[in-house]
Amino acid sequence: MLGVARWIRSRRRPLPVERARRRDGSGPGEAEQPARPGARPADLRETLAGIGTTLDAATTRTELTRAAVRLAGGAAAVMGRTGDTVSEYAAVTGDAGLLPDVRWAAAAAREAHVPAAGAAPEPWLEYAGTTRGAGLCVPLTSGDEVYGVLVWARPGGALRRAEAELLALLAERAASHLRHARVHEQVSRTAGDLQRALLAEPGRPHPNLDVAIRYLPVGPSTLVGGDWCETVRLHFGRTLLVVGDVMGHGLESAVDMSAYRSSLRYIASADLPPHRVLRQMDDIASKEAERRPATCLLARVDPGRGQVTLASAGHLPPALIDQDGATGLLPVPVGPPLGTGLGGYESATHRLAPGQTLVAFTDGLVEHRGEDIDRSLARLAALRFTATDPLDAVLDTILSRLDVRHAEDDVAILAARPHTRQGGPAGTGAGVRG
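One rule links them: number in the numbering used here = place in the sequence shown (from 1) + 565.
Below you can see the structure in the form of structure tokens.
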């Protein structure tokens, strides 16, 4: 922080001590006083704690400018960094008219060896003119990286050293959190890219089965976890539908999800009953100490026989929407999650006729903190549809009625509807839609 303050002092236009005393109305000794007489240590701690409350860079910049105005008055903004340049003001707090011309701040950034936009800026000064009052730029530096520039201005008296150091402290705090936000964003992007690469082209079902899939990461972040769906073609016109949920979020869960998915495809190619597929997946996962546990639901759909065979590894039961639009839950024997090595999986077969819709999902769709899971599932079972609703409309209705925008966990949901080749959905081709 003191290094930043020295940077500020070393680059301001030199002023004789006498002139400085006349401009701020104080002598050198008074310049060591707190920036704001009413700013107690507790106030400073509270203000610092209010910077970096999230991993969102835009929120952190806004918290920084609010803190600067709260403790030093005036107005503040951040010149964010995009690529190799810093340019327009953002996160403005206070009267934007008090802030100096953006070229002034761009020149300050350039003097701090931060590439800045703006042609022919005026030389950077500590004061933006005798009639405008005090102004200051502080680079948001953490490690070897600069994440922007804090620009602050106030009408009236000159800037005192204690005020400059206070603003430098705020900038240092914000820069550290901006660095964390950037790392978080990079990890989130990597995890998202990985899962999108894995899920962009799920296996295609037989033409006698129409399938739609949706993925929704929780909250505003793009961080994706271990929720996934899959379809695998089997012999004799059958299709294996899969919905799984690896414990946790982020890159590690996405990597484990990839491992589960790979083993599923390999094992399912042998066309085993669903419970035997789960048994082999569990056996493989339990031998890898670092593999996270996962829940999984398998549904082998046989449109020719009008039936579906289910097996569950700690997963919630699927819903069945009948031809009349009524919704119910299909009972399925529940075994332990994959990766535990406990085994004990069983299958159950139910009727699934053309026009009926099977809906499988991860727990983020229905679960709410503090609510009994049976009550959560009852909300889904209470939904009604029309027989002509296309699968995408069915998913839209479910996601809207269950208020997935406020979900507490990632959501993956799959809807499947069997039909005959001659009686396929009008105007659409059978296949996966996501």
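All C-beta atoms, glycine included, are put in the ideal place defined by N, C-alpha and C.
Near residue i, which residues of its chain fall below 8 Å by C-beta distance, leaving aside the five closest residues on each side in sequence?
| i | result |
| --- | --- |
| residue 564 | Here the chain covers residues 566 to 999 and nothing more, so residue 564 does not appear. |
| residue 547 | Residue 547 falls outside the range modelled here, since the chain spans only 566 to 999, and no answer is possible. |
| residue 984 | 773, 774, 775, 868, 919, 920, 990 and 995 |
| residue 934 | 973 |
| residue 719 | 637, 638, 639, 640, 663, 698, 699 and 700 |
For a test of the three-state rule: what should DSSP assign to residue i, helix, strand or coil?
| i | result |
| --- | --- |
| residue 713 | strand |
| residue 805 | strand |
| residue 919 | coil |
| residue 769 | coil |
| residue 686 | Reliability fails at residue 686, whose pLDDT of 35 lies under 50, so the model's placement of it is uncertain and no value is given. |
| residue 571 | Legend: pLDDT at residue 571 = 44, less than 50; position of this residue unreliable, value from coordinates given subsequently. Reduced to three states, the DSSP call for residue 571 is helix. |
| residue 670 | helix |
| residue 979 | strand |
| residue 734 | helix |
| residue 961 | helix |
| residue 755 | helix |
| residue 795 | strand |
| residue 973 | coil |
| residue 935 | coil |
| residue 984 | coil |
| residue 704 | strand |
| residue 911 | coil |
| residue 748 | helix |
| residue 721 | coil |
| residue 646 | strand |
| residue 945 | helix |
| residue 928 | helix |
| residue 881 | coil |
| residue 870 | coil |
| residue 662 | helix |
| residue 895 | coil |
| residue 967 | coil |
| residue 952 | coil |
Can you give me the Cβ contacts of residue i inside the same chain, cut-off strictly under 6 Å, excluding the 5 residues immediately before and after it?
| i | result |
| --- | --- |
| residue 882 | 894, 895 and 897 |
| residue 850 | 856, 903 and 904 |
| residue 770 | 776, 796 and 804 |
| residue 792 | 810, 927, 975 and 977 |
| residue 562 | In the structure as shown, the chain begins at 566 and stops at 999. Residue 562 is therefore absent and cannot be evaluated. |
| residue 910 | 840, 843, 844, 876 and 900 |
| residue 836 | 799 and 800 |
| residue 822 | 791, 793 and 811 |
Count the other CB atoms, across all protein chains shown, that sit within 10 Å of the CB of residue i; report buried if there are 16 or more and exposed otherwise.
| i | result |
| --- | --- |
| residue 918 | exposed |
| residue 916 | exposed |
| residue 1004 | There is no way to answer for residue 1004, as the model of the chain reaches only from 566 to 999. |
| residue 721 | exposed |
| residue 665 | buried |
| residue 938 | exposed |
| residue 618 | exposed |
| residue 606 | exposed |
| residue 966 | exposed |
| residue 748 | exposed |
| residue 662 | exposed |
| residue 708 | exposed |
| residue 610 | exposed |
| residue 828 | buried |
| residue 834 | exposed |
| residue 737 | buried |
| residue 940 | exposed |
| residue 710 | exposed |
| residue 754 | exposed |
Leaving out the 5 sequence neighbours to the left and right, which residues in its chain are closer than 7 Å to residue i when beta-carbon positions are compared?
| i | result |
| --- | --- |
| residue 670 | 644, 702, 714 and 716 |
| residue 888 | 920, 921 and 952 |
| residue 925 | 806, 808, 862, 864, 883 and 979 |
| residue 634 | 640, 641, 658 and 659 |
| residue 746 | 620, 621, 622 and 625 |
| residue 832 | 842, 845 and 846 |
| residue 890 | 949, 950, 951 and 952 |
| residue 632 | 612, 615, 616 and 735 |
| residue 559 | No answer is possible for residue 559: the residues shown for the chain start at 566 and end at 999. |
Taking 9 Å as the CB-CB limit, is residue i close to chain B?
| i | result |
| --- | --- |
| residue 665 | Of the chains in the structure shown, none is chain B; there is only one protein chain. |
Can you check the region 813-868 for any beta strand (DSSP E) of at least 3 residues that lies completely inside it and give the ranges in chain order? 859-867
Under 8 Å: do the region 633-645 and the region 713-720 share three or more Cβ pairs, one atom per stretch? yes
In the region 608-641, which residue ranges form an unbroken alpha helix (DSSP H) of at least 4 residues, counting only runs that do not cross its ends? 622-637
Say whether the region 848-862 touches the region 903-921, bearing in mind that this needs 3 or more beta-carbon pairs closer than 8 Å, one atom from each stretch. yes
Could you check whether the region 733-748 touches the region 619-631, counting it as contact only if at least three pairs of C-beta atoms, one from each stretch, sit closer than 8 Å? yes
Should the region 922-942 be regarded as contacting the region 962-975, the criterion being three or more beta carbon pairs within less than 8 Å? yes
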